[in-house]
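S.K.: Letter 27 of the sequence shown, counting from 1, is numbered 189 in my numbering, and no numbers are missing.
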Amino acid sequence: MLRKEDLSIVAWLPRGDAFTVRDADRFVKDVLPRYFRHTKLTSFQRQLNLYGFRRITKGPDAGAYRHELFHRDCPDQCLQMKRSKQKGSPQLKPKGAGSVTSSPSFSPCSSHAAACGSP
Numbered sequence: 163m164l165r166k167e168d169l170s171i172v173a174w175l176p177r178g179d180a181f182t183v184r185d186a187d188r189f190v191k192d193v194l195p196r197y198f199r200h201t202k203l204t205s206f207q208r209q210l211n212l213y214g215f216r217r218i219t220k221g222p223d224a225g226a227y228r229h230e231l232f233h234r235d236c237p238d239q240c241l242q243m244k245r246s247k248q249k250g251s252p253q254l255k256p257k258g259a260g261s262v263t264s265s266p267s268f269s270p271c272s273s274h275a276a277a278c279g280s281p
C-alpha cells in the first residue's frame with residue numbers, strides 16, 4: 163500500500179522506519195476501501211494497535227506509526243508480526259506502552275540485517 167499510493171495521502175518517513183497518513187480524508191475515501199473492509203480511520207488505527215504499532219507522539223515525526231518489524235527496506239519482516247486478540251476484558255499495560263514519544267535514532271533494519279538481507 164505504501165509503495166503504490168499518492169505520497170500526499172500516506173507515505174513512509176524518510177528513514178523508512180515509520181509511516182504517516184498526511185491527508186486523513188483522502189486516506190479514508192480513496193485508500194482504505196482498496197485494502198480493507200472497513201472505511202473508518204478509527205477502525206484502521208485500532209487494527210494498527212492490535213498489530214503492535216505505536217503512534218509517535220512527540221518530535222518532528224509526531225502522528226506517524228511505527229513497528230519494529232515494519233520497515234520500508236525489509237518488507238519480509240512484517241511476516242513475523244502477530245495480531246493480538248481483541249480486548250474482551252481490561253488488561254493492565256506497562257507504563258508508557260501505548261505510544262512512542264519519538265522515533266528512535268537507529269534503523270530497526272540495522273539490528274535485523276541478517277533477517278532482511280541488508281548489509
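Glycine residues also receive a C-beta, built at the ideal position from the N, C-alpha and C atoms.
What are the start and end residues of the beta strand (DSSP E) that includes residue 216?
M.R.: Counting along the chain, the beta strand (DSSP E) containing residue 216 begins and ends at 216-218.
S.K.: Using 8 Å for Cβ pairs, my map puts residue 135 next to residue 181. What's the rounded Cβ distance?
M.R.: Limits of the chain in this structure are 163 at one end and 281 at the other, which puts residue 135 out of reach.
S.K.: Can you tell which of 234, 231, 244 has its C-alpha closest to the C-alpha of residue 209?
M.R.: Comparing Cα positions, the closest option is 244.
S.K.: Please report the Cβ distance between residue 169 and residue 190, rounded to the nearest whole angstrom; I am assuming they are in contact, meaning their Cβ atoms lie under 8 Å.
M.R.: Going by Cβ atoms, the distance from residue 169 to residue 190 rounds to 17 Å, so no, they are not a contact pair.
S.K.: Tell me the DSSP bridge mates of residue 172?
M.R.: In the DSSP output, where bridge partners are listed per residue, residue 172 has 183.
S.K.: Going by C-alpha distance, which of 177, 165, 231 is nearest residue 242?
M.R.: Comparing Cα positions, the closest option is 231.
S.K.: Taking C-beta to C-beta, are residue 178 and residue 233 nearer than 8 Å?
M.R.: Yes; because the gap between Cβ atoms is below 8 Å, this pair is in contact.
S.K.: Quick check on this structure: which residue in 206, 236, 192 has the alpha carbon closest to the alpha carbon of residue 166?
M.R.: Checking every option, the nearest Cα to that of residue 166 belongs to 192.
S.K.: In whole angstroms, give me the CA-to-CA distance for residue 248 and residue 183.
M.R.: Roughly 24 Å between the two C-alpha positions.
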